Structure formats: C-alpha cells, structure tokens
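Peer 1: Heads up, the sequence shown is in UniProt numbering, so the first residue is 1 and it goes up one at a time.
Every residue, glycine too, gets a C-beta built ideally from N, C-alpha and C.
Predicted, not measured: the structure shown is a model, and the values here were computed from it.
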Amino acid sequence: MEDGLGLSQLQSALPPPPEYTETTAHRDAKGADHSNHSQSAWLLRRTSIHVESTPNEAWQEDISSRRENAPSIGSNDEKKALRTLLTKFSNKSAEDQNEDGRTNWDEGQGHDSSDFGTTVVIEAAQPSKGQKRKRHEMKGLEQAASMKRWPCNGNPVEPWGKLAKDPELWDPDGDTLVYYGYQRPQASFRVKSSILEAARSEILVSMLQEGYKRTPKSPPSVVSASSSERGVKKFGFGHRAPSLSSEISKPGDEAQIRYEIHFPAPNGTSRIEILRHHITTRNFFALLLNKPLVGLTFYQALVDLHERLTVFMPRNSDCNNMIVGYLTRNRLNNVCNDPAAAAGLLAYSEDDEVQWPEGWREGFVHCSGMYSKLPQLPEFCDISHISRTLLERSYLELQARIQVAEDRLSSFNFDDMWPCHTTQPPAARASFEHFRDFLLQFYQKAYKNWPPRATQNSDGNWLTRAVVCHLQKDLGALYDYYVDRDVVWAETKEPSERYRTMVRQKNRAVIKINNDGLDLAKLFVHFDHKHKHPHIPHPYPLLPDSMPVGNTGKAQQKQSLFTSKTKALEKQIIHAYSIASNALLLGPEVANNSLVEAFQRFEKTDHLGETDPRDARKGRWILLFGILQVLSNVSADTPDLWFKDDVSYFLMPRLKGTPPWVTGAENVFQEAGPAASHCWRVSKSAWGKDILAT
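Printed below as a string of structure tokens:
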C-alpha cells in the first residue's frame with residue numbers, strides 16, 4: 001500500500017477498533033506489559049506509525065560544509081585498515097536493506113509481517129508556534145504497548161505499566177489528588193499542594209485556587225484552556241466530595257484531601273497522542289518530585305516534558321536547565337550499556353530548543369561505542385542526519401585504530417623498530433626477542449589463547465576494551481617499575497624533530513650512546529615519526545651496571561656450571577637488576593602486579609651470564625616502548641565523561657568539529673588521545689618527585 005494514501009482510506013479497509021475512550025486508553029496502557037487488552041492488541045496487529053522526516057538533500061550541504069572538520073586518519077596503517085572496514089561495512093549495510101531500499105528495522109525484533117498488517121501513516125501533533133522542532137521517524141505503535149521506566153542512579157531500564165496508579169507518585173500525606181481525565185474512577189497519584197505552589201506556576205496555582213468552571217461533558221484542555229478554566233475542586237475541611245478516589249479508604253484520609261486536579265488530553269488528539277499526553281503529565285510531577293522517568297522512548301519522554309514545561313512554567317523559566325538538573329540529580333544521564341537511552345540523550349541534546357553540549361558529548365561517545373547496535377533501534381531515527389553521519393565516521397575510524405592495534409599486539413610484532421641495516425642481532429636484539437616470547441607465553445596462559453577469541457558483542461574484534469584495560473594495567477605497571485623519571489626529551493628547535501636527544505632533568509646532561517652503538521633516542525624518534533605517535537614524556541629505563549661476560553659464555557658454563565665464580569657473577573647480575581628499579585617507591589598495586597612479578601623472575605634467569613644486563617634491559621625496554629605507544633591510541637577515554645564504569649565498549653571517538661550546531665569553533669571538546677593514557681598521566685603526577693629532589 002502506498003504511503004500517499006490518506007489515513008481515512010486506510011482505516012476504512014481495516015476492521016473497526018474497539019470503542020476507544022480515555023478509560024480504555026488508560027486500561028491498555030496499564031496492562032500493556034502484562035496482558036492482551038483489546039485496544040492495544042488491535043493497535044499492535046494493525047498499525048505502525050511513520051512520521052515524515054526531512055529529505056536527505058536538506059542536510060547534505062551541512063555535511064559537506066563540515067567535511068574539513070571531519071575526523072582524520074593519522075597513519076598509513078590506519079588508512080589501510082579503514083579501506084578494509086569500508087568495504088566490509090558497505091557490504092553489511094547492503095545486506096540490511098530491503099529490496100525497496102529501506103533499512104530492515106524489523107530484523108531481529110521477533111515479529112512476523114502479519115503481526116502488523118497494513119501500514120498506517122499518522123501525522124504527528126503540530127508543534128506550537130514558538131517551537132521549531134524537527135519531524136522524526138518513530139518505529140511503530142508497538143512502542144505504545146511497551147512503556148519503559150528509566151530508574152534513577154543509572155540502573156537498567158525496565159518495563160512499566162503503572163499509569164493507573166503510580167506508587168512512586170503516591171504520597172499518603174498528600175492533600176491533592178491528580179487525575180488524567182474527568183471520567184477516571186480513581187486518582188493516578190497523590191501529592192502535596194505545597195509542591196505545586198513551590199513550582200511558581202500560575203497555571204498550577206490557579207488550578208489549586210479556582211473552582212470548577214466546566215462540566216465533565218466538555219472538559220477543558222490543559223494546553224489550550226485559560227488558567228480560569230482548569231479542572232480543579234477545592235474542598236473545605238471535613239467536606240466530603242462525591243468524586244473522591246476510591247483509593248481513599250483510611251479514616252481521616254478524606255479530611256486530608258483538599259484538591260482534585262484533572263489533566264485531560266486535548267480534544268481531537270489521536271490515540272498515541274493521548275497516551276503521550278498522560279505520560280508527560282506523570283513525568284512533569286516526577287520532575288517536581290525527583291522520581292524516575294517513564295515513556296515510550298527516552299527522547300520522546302524528554303521532548304514532551306520540555307514542551308509541557310514551556311506551557312506550565314513562567315515565561316522566564318529556564319526549561320532546559322530544569323530538565324538538565326533533573327537528569328543530573330537523578331543520574332538519568334547515565335546511559336552506559338543502553339544504546340536506546342544513549343540515542344535518546346543525543347537526540348534531545350541536539351534538539352533546536354535545547355542544544356546541550358555536555359549532554360550531546362555524553363550521548364555521542366556512548367552511541368559511538370555501541371554503534372553496531374544503533375541502526376536496529378527505532379530511536380536511531382530520532383538522531384539528526386548529520387550526527388548519524390558523524391557517528392558512522394567515528395565508528396569506522398575507531399575500528400581502523402583497533403585493527404592497527406590488533407595487528408601489532410596479536411604477536412607483539414615490533415621488528416620495524418630496529419634499524420634495517422643491522423646484520424647480526426646485537427645482545428639487545430636477542431633480549432628483545434626473548435621478552436616477546438615471554439609476553440606471548442604469559443598472555444596465552446592468562447587467556448588460554450593469544451590473541452583471545454572475539455566475543456559476541458565485540459564487532460568481531462578480539463581486542464576489546466577489557467583486554468586493552470588489562471594490557472594497559474600490566475604493561476603500565478611494568479613501565480612504572482623500570483622507568484627513569486629523571487630522563488626527559490631535550491627541547492629542540494628542529495621543525496621535523498627528527499634529531500632529538502634525551503637529557504637528565506637535574507643537570508641537563510645528555511644521555512650518550514654506549515659502546516654497543518644503540519641510540520635509543522634516535523630509534524624512538526624514528527618510530528614515533530613514522531607512525532605519528534607523540535613522544536612518551538619519560539622514554540628511558542633505569543639501567544643496571546654493565547658487566548663484561550667474556551669468559552662466562554655457554555662454553556665456559558658447561559665446564560664450570562656450579563663453580564663459585566659463576567654463581568658470584570649471577571648474584572651480581574641479579575643484584576644489579578634489583579637496584580635498577582623503582583621497587584622502593586611504588587605501592588603494592590604495582591609491585592604485586594602479576595606481570596611485574598613474572599617479569600622479575602624472567603629477567604633474573606634469561607640467559608644470565610651470556611648477555612650484559614645493561615644491553616638486555618635496553619632490548620626489553622624497546623619492545624615495551626612500542627607496545628605502550630600502540631596502547632596509547634586505544635586505551636584512553638574521552639575526558640570529562642560523566643559515566644564510564646562497567647562498559648564493555650570503547651569511549652574514544654574523534655570529536656573534532658562537534659557539536660554540529662557550533663560553527664567556526666576550535667575543539668569545543670577535548671578528545672581522547674595518548675596524552676590521557678598511562679605514560680602521560682603518571683608523568684604529571686606527584687610520583688617520583690622524591691627522586692628529583694635528592
């Protein structure tokens with residue numbers, strides 16, 4: 001059936017729905033999650049909702065104008081990985097399209113096509129004159145039978161069906177009963193009139209002060225009626241009202257009730273609009289009382305609440321700030337692990353009437369991390385086209401970074417750090433290889449396999465946020481254990497920075513090349529420049545004293561393996577390794593790290609007596625340096641996020657050129673990057689100051 005057919009034509013082809021009144025709407029909403037009432041079942045079987053959205057051409061210029069601010073791919077490795085991802089992503093997107101070119105939103109929802117029957121086009125309610133809200137797609141009226149409750153303190157979303165009587169809004173000491181309409185047999189919630197008076201709303205105060213001016217047959221609209229026409233009943237002390245709720249059963253309760261307030265839906269509204277109206281009434285009182293939010297979608301609940309506030313509150317009220325304060329106080333802005341809520345927060349924050357930068361960042365970062373789950377959600381259509389485009393770009397760029405890191409860390413392959421002209425591997429190179437074998441064995445034992453197998457929710461990547469955090473914790477502890485905090489990069493005036501040296505902070509003495517000819521400064525600068533890494537602030541290790549091993553090679557050891565001379569040399573080397581560490585300055589969280597403990601045992605037994613311990617420590621440090629540089633690109637989270645604990649996805653999208661409504665601004669948000677990773681953070685901490693002071 002074509003979308004162009006009128007609603008009346010479509011409805012005439014359908015079997016008539018059951019008689020629909022506010023009472024039946026209320027009853028369906030109440031039992032939607034638990035039983036099949038006639039009205040909600042009819043809606044589910046027969047209708048879905050589709051509200052027209054802005055054509056693609058309307059936002060194409062906006063996207064084009066922001067291309068110069070689009071996230072950039074740094075290294076050639078990331079560009080190559082991105083090309084592979086683009087091919088994979090485009091093929092997947094094509095599979096998710098129907099033959100008519102529309103995205104198959106119903107995939108995975110568990111509904112057969114016969115469940116919904118004919119598609120009905122329903123126009124959304126017209127916005128008020130003072131508002132310029134965009135029109136959005138919504139999934140369907142099946143959402144109306146699946147109302148949700150977003151608890152406070154970031155708890156998981158849950159189904160909700162308490163429209164009849166909400167226990168969270170029922171104060172036994174309240175003196176005001178609140179009804180959704182005039183034909184309700186019982187009140188939906190009970191509150192204190194002082195709460196309404198404290199809101200300083202002329203409309204609410206009038207509803208408390210004025211008598212009832214209309215008959216139930218012609219109820220006023222909360223949105224359109226004047227303050228003198230609000231449905232209200234005021235009772236004197238001890239006066240018995242014939243319409244008091246049947247819920248008032250305790251002795252003395254009736255005497256406490258002074259007011260009855262009615263919030264009927266406007267005349268001529270559709271079924272879904274009636275339901276949304278009642279939900280918004282409930283959410284208005286939830287805001288006043290700091291109770292959880294409910295709704296069909298997170299975005300719908302917030303937008304409808306914002307519009308209701310503009311009606312109820314004084315003109316000089318900051319409705320945006322009221323909602324932001326409500327979300328923040330009750331931690332409703334915690335959208336961790338909830339892609340639907342994250343999409344709703346993002347869509348609300350970029351709304352024309354809101355434009356909340358911090359909310360947009362929080363929603364965007366979490367949406368980017370859960371992007372693979374978004375296209376299947378109806379809430380995805382609430383997000384603007386330009387933000388959806390930015391999300392896709394950030395997701396692809398992030399996948400490219402993860403792919404580069406996986407290629408490196410799967411085998412700890414950093415052979416390119418060594419000069420190509422080396423013919424025979426020096427002692428340091430041999431220690432480099434031994435350390436790599438040690439790491440592979442250590443993590444194979446920890447994960448049963450290395451690299452680990454990809455999990456179901458990891459977009460096919462084995463390098464998950466949890467694995468990255470584990471590697472960063474282990475290797476960061478190893479770095480802290482052996483780094484020389486007194487050595488930093490010397491300042492240079494060279495534009496290319498290819499000829500930097502390392503110096504000591506105490507006396508600015510330059511770190512010289514040893515007899516082995518291994519220049520760590522030159523090696524690290526070349527690697528960082530090639531892969532566009534910023535330099536690690538403290539790039540040099542604590543080194544043990546050099547010990548000649550001329551007569552302690554394998555041949556000599558075979559002849560005198562247990563001689564006192566050999567044992568004495570081994571003890572000297574072990575002692576030298578122990579001294580060249582920060583063991584006395586670190587807490588147990590570092591000293592007791594499993595990798596640090598295993599590495600100490602490994603280093604004190606690895607070809608002991610065959611290799612100068614100073615050269616061996618250098619070789620191992622080179623590999624550690626390369627691993628930490630790769631981890632720095634995938635281990636840091638976007639700064640200033642409100643919530644990030646217990647999430648399994650990455651929180652580090654590119655944010656250049658955002659939020660989309662800000663033009664000509666440089667970096668409104670600080671991005672995640674190496675500067676927020678371990679080696680940079682500890683360089684700015686108070687740790688190590690005792691060394692520099694001595």
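T658 and L390 - do their beta-carbons sit closer together than 8 Å?
Peer 2: Yes, these two residues count as a Cβ contact at 8 Å.
Peer 1: Rounded to a whole number of angstroms, what is the C-alpha to C-alpha distance between S387 and R654?
Peer 2: Each residue's Cα considered, the two are about 13 Å apart.
Peer 1: Given 8 Å as the limit, is there contact between the stretch 301-313 and the stretch 345-356, that is, 3 or more CB pairs closer than that?
Peer 2: A contact exists between the stretch 301-313 and the stretch 345-356.
Peer 1: Distance, Cα to Cα, L624 vs N667?
Peer 2: Distance between the alpha carbons of L624 and N667: 32 Å.
Peer 1: Cβ atoms of L542 and Y482: under 8 Å apart, would you say?
Peer 2: Yes. Within cutoff.
Peer 1: For F189 and R271, what's the separation of their Cα atoms in angstroms?
Peer 2: Answer to the nearest angstrom: the Cα atoms are 22 Å apart.
Peer 1: Could you tell me which residues DSSP puts in a beta bridge with G295?
Peer 2: Looking at the DSSP assignment, G295 forms a beta bridge with K148.
Peer 1: Can R617 be considered in contact with the ligand PLP, in the sense that its beta carbon sits closer than 7 Å to one or more heavy atoms?
Peer 2: Although the ligand PLP was asked about, the structure shown includes no ligands whatsoever.
Peer 1: Give me the residue from N593, S581, K604 with the minimum Cα distance to K571.
Peer 2: For the residues N593, S581, K604, the minimum Cα distance to K571 belongs to K604.
Peer 1: Nearest CA to the CA of G359: which residue from L327, N337, D338?
Peer 2: If we check each option's Cα against that of G359, L327 comes out closest.
Peer 1: Give every residue of the same chain whose Cβ lies closer than 7 Å to the Cβ of K684, excluding the five residues on either side of it in the sequence, and list them in chain order.
Peer 2: Cβ neighbours of K684 beyond the five flanking positions: none.
Peer 1: Measure the Cβ-Cβ separation of P159 and K148 and say whether it is below 8 Å.
Peer 2: Yes, the Cβ-Cβ distance between P159 and K148 is below 8 Å.
Peer 1: Does the distance from the CB of D459 to the CB of S546 come in under 8 Å?
Peer 2: Against a cut-off of 8 Å, the Cβ pair of S546 and D459 comes out as no contact.
Peer 1: Under a CB-based cut-off of 8 Å, is C319 close to chain B?
Peer 2: Of the protein chains in this structure there is only one, and it is not chain B.
Peer 1: Let me know the alpha helix (DSSP H) ranges lying completely inside the UniProt domain "DUF8004" (321-414), each 4 residues or longer, listed in chain order.
Peer 2: The qualifying runs are 339-349, 357-369, 385-409.
Peer 1: What distance in whole Å lies between the Cβ atoms of K291 and E202, which are believed to be in contact at a cut-off of 8 Å?
Peer 2: About 24 Å separates the two Cβ atoms, so there is no contact after all.
Peer 1: Mapping the DSSP letters down to three states, classify E260 as helix, strand or coil.
Peer 2: Reduced to three states, the DSSP call for E260 is strand.
Peer 1: Who are W489's beta bridge partners in DSSP?
Peer 2: Answer by DSSP bridge pairing, in chain order: M502.
Peer 1: Can you tell which of L374, A199, I402 has the C-alpha that lies nearest to the C-alpha of R315?
Peer 2: Taking only the C-alpha atoms, the option nearest R315 is A199.
Peer 1: Span of the beta strand (DSSP E) holding F284?
Peer 2: Looking at the DSSP string, F284 is not in any beta strand (DSSP E); the run it does join, the alpha helix (DSSP H), is 271-289.
Peer 1: Does the separation of the CB atoms of R401 and V634 fall below 8 Å?
Peer 2: A contact, by the Cβ cut-off of 8 Å.
Peer 1: My output table needs one value for T176: the three-state DSSP class, helix, strand or coil.
Peer 2: Note: T176 maps to strand in three-state DSSP.
Peer 1: Measuring alpha carbon to alpha carbon, tell me which residue in P588, M652, R276, V487 is nearest S146.
Peer 2: Answer by Cα proximity: R276.
Peer 1: So, for F364: in the same chain, excluding its five sequence neighbours on each side, which residues have a beta-carbon less than 6 Å away from its beta-carbon?
Peer 2: The answer, listed in chain order, is L346.
Peer 1: Going by C-alpha to C-alpha distance, which of E610, E433, F524 sits closest to V488?
Peer 2: Checking every option, the nearest Cα to that of V488 belongs to F524.
Peer 1: Exposed or buried, which one is N321 when buried takes at least 16 other CB atoms within 10 Å?
Peer 2: Exposed is the call here.
Peer 1: What is the rounded straight-line gap between the Cα of H526 and the Cα of T297?
Peer 2: Cα to Cα, the separation comes out at about 52 Å.
Peer 1: In three-state DSSP terms, what is V157?
Peer 2: Coil.
Peer 1: List the residues that DSSP assigns as beta-bridge partners of R190.
Peer 2: Answer is W170, L177.
Peer 1: Going by other Cβ atoms of all chains shown within 10 Å of its Cβ, with 16 needed for buried, is I579 buried or exposed?
Peer 2: With fewer than 16 other Cβ atoms within 10 Å, it is exposed.
Peer 1: Just to confirm my understanding: we take D166, look at its own chain, exclude 5 residues before and 5 after, and list those with CB closer than 8 Å. What are they?
Peer 2: So the list reads S188, F189, R282, once near-sequence residues are dropped.
Peer 1: Between R485 and H535, which are expected to be in contact by the criterion C-beta below 8 Å, what is the C-beta distance as a whole number of angstroms?
Peer 2: About 15 Å; that fails the 8 Å criterion.
Peer 1: Using beta-carbon positions only, say whether K373 and P339 come within less than 8 Å of one another.
Peer 2: Yes, the pair counts as a contact, with Cβ atoms nearer than the cut-off.
Peer 1: If I'm right that V331 touches N153 with Cβ under 8 Å, what's the distance once you round it to whole angstroms?
Peer 2: Reading off the sequence shown, one finds Arg at residue 331, where the question assumed Val. At roughly 5 Å, the Cβ-Cβ gap stays under 8 Å, so R331 and N153 are in contact.
Peer 1: Here's the rule I'm using: 16 or more other beta-carbon atoms within 10 Å means buried, otherwise exposed. How should G609 be labelled?
Peer 2: Burial call: buried.
Peer 1: From I574 to Y371, what does the alpha carbon distance come to, in whole angstroms?
Peer 2: Distance between the alpha carbons of I574 and Y371: 51 Å.
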